[in-house]
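Peer 1: In our numbering, the protein residues as written are 16 to 352. Dumping the structure here so I can ask a few things about it.
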Ligand code: DAH
């Protein structure tokens with residue numbers, strides 16, 4: 016056995032692998048389960064007891080030596096394969112990162128929030144799954160009243176629905192805080208409508224309201240004029256048309272002078288020179304009472320607008336469905352905004 020050990024040892028010393036494969040074959044020949052060294056270990060049990068100590072030591076040395084040699088040669092091959100830092104051309108231009116773009120709805124919502132926050136409106140939030148009280152009853156839509164049909168509702172279960180408007184947030188805020196309050200509630204709303212270029216089953220609104228002891232319709236008008244000029248340009252005019260909402264009295268719908276033709280008449284404003292952008296009014300005293308706010312002492316105005324509508328006017332878009340199709344050819348156009 017000693018001779019065999021010697022033989023393998025000199026084989027190891029002489030070995031020079033020319034390729035990685037040759038090195039691997041050499042490892043298998045010596046160290047695999049049936050390899051030369053493993054066989055010697057198997058035969059170790061036949062060595063006489065007096066020799067066991069010496070032979071055992073030599074066997075271990077042999078195995079270590081084989082492993083060392085193989086590792087050293089392996090490292091050489093790996094180094095040769097790795098081109099290292101010298102192969103990197105530091106003068107090459109880097110790969111550019113493509114920037115994403117904000118969604119047009121987010122851009123316009125942000126702008127609306129900025130405009131109103133400059134005059135003291137703070138943000139409020141409410142749930143998208145809403146109960147009957149906050150979405151309808153407290154807002155003066157009596158049960159079984161036809162006014163509820165103004166908004167086609169997605170009902171979830173008894174007493175719960177997807178909110179049809181952000182006016183529900185008015186109620187939540189009036190219930191939980193005390194006047195004076197000046198709040199803005201942006202959010203997503205849902206209606207059971209067939210999807211078309213002009214309608215969708217979900218869209219975005221921004222609700223605003225102001226409650227204090229001496230709030231008047233003139234304050235509402237001035238606030239909305241300020242907003243319209245900031246949003247659509249200094250030359251913008253507004254007009255208020257009488258309308259009906261259960262939670263405001265009096266109620267109005269507001270038009271702005273057409274931002275495309277400047278009021279002369281075009282396709283967008285259907286030759287009228289005006290386009291409607293929001294609903295508004297003085298908060299009905301019974302809504303204040305529903306929320307335990309003293310309607311003899313306090314008054315308020317409220318307004319609600321569709322973010323899609325304003326975005327379409329601002330960017331001259333004709334199809335509401337573009338907002339939810341995720342077409343990058345559309346979305347990329349808002350990169351620089
Ligand atoms: N909630 C109404 C809608 O979705 C919009 C609205 C009208 C909100 C008048 C108001 C308001 O706050 O005063 O059609």
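Using N, Cα and C, we set each Cβ at its ideal position, and we do this for glycine too. The structure displayed is predicted, hence computed values, not measured ones.
Measuring CA to CA, which of 320, 338 and 225 is closest to residue 290?
Peer 2: Nearest C-alpha to residue 290: 320.
Peer 1: Using the three-state DSSP reduction, which class does residue 323 fall into: helix, strand or coil?
Peer 2: In the structure shown, residue 323 sits in a helix (DSSP, three-state: H, G or I).
Peer 1: Thinking just about the alpha-carbon of each residue, which of 17, 341, 317 and 22 is nearest to the one in residue 184?
Peer 2: Selected option, being the one with the closest Cα: 317.
Peer 1: Could you check the C-alpha separation between residue 323 and residue 259 for me, to the nearest Å?
Peer 2: Each residue's Cα considered, the two are about 22 angstroms apart.
Peer 1: Here's the rule I'm using: 16 or more other beta-carbon atoms within 10 Å means buried, otherwise exposed. How should residue 341 be labelled?
Peer 2: Counting Cβ neighbours within 10 Å, residue 341 comes out exposed, since fewer than 16 surround it.
Peer 1: Considering only their Cβ atoms, is the gap separating residue 306 from residue 139 smaller than 9 angstroms?
Peer 2: In this structure, residue 306 does not lie closer than 9 angstroms to residue 139 by Cβ.
Peer 1: Drop a sphere of 10 angstroms on the beta-carbon of residue 201, count the other beta-carbons inside from all chains shown, and report buried for 16 or more, exposed for fewer.
Peer 2: The residue in question, residue 201, is buried, as its Cβ has 16 or more Cβ neighbours within 10 Å.
Peer 1: With a cut-off of 8 angstroms on the beta carbons, I'd call residue 354 and residue 347 a contact; round off their distance for me.
Peer 2: Since the first residue shown for the chain is 16 and the last is 352, residue 354 is missing from the structure and cannot be characterised.
Peer 1: Just confirm the distance between the C-beta atoms of residue 335 and residue 219, as a whole number of angstroms; I'd bet it's less than 8 angstroms.
Peer 2: About 11 angstroms separates the two Cβ atoms, so there is no contact after all.
Peer 1: What is the DSSP secondary structure of residue 195, counted as helix, strand or coil?
Peer 2: Looking at residue 195 - three-state DSSP - the assignment turns out to be coil, as it is neither helix nor strand.
Peer 1: Have a look at the DSSP bridge pairing and note the partners of residue 258.
Peer 2: 266, per the DSSP bridge assignment.
Peer 1: Taking only heavy atoms of the ligand DAH into account, decide whether any of them is closer than 8 angstroms to the Cβ of residue 306.
Peer 2: Every heavy atom of the ligand DAH is 8 angstroms or more from the Cβ of residue 306, so no.
Peer 1: Would you please state the rounded distance, in angstroms, between the beta carbons of residue 224 and residue 298? I believe it to be under 8 angstroms.
Peer 2: Indeed, because the Cβ distance is near 7 angstroms, the residues count as touching under 8 angstroms.
Peer 1: Hey, quick one: how far does the beta strand (DSSP E) through residue 146 stretch, first residue to last?
Peer 2: Here the beta strand (DSSP E) through residue 146 covers 144–146.
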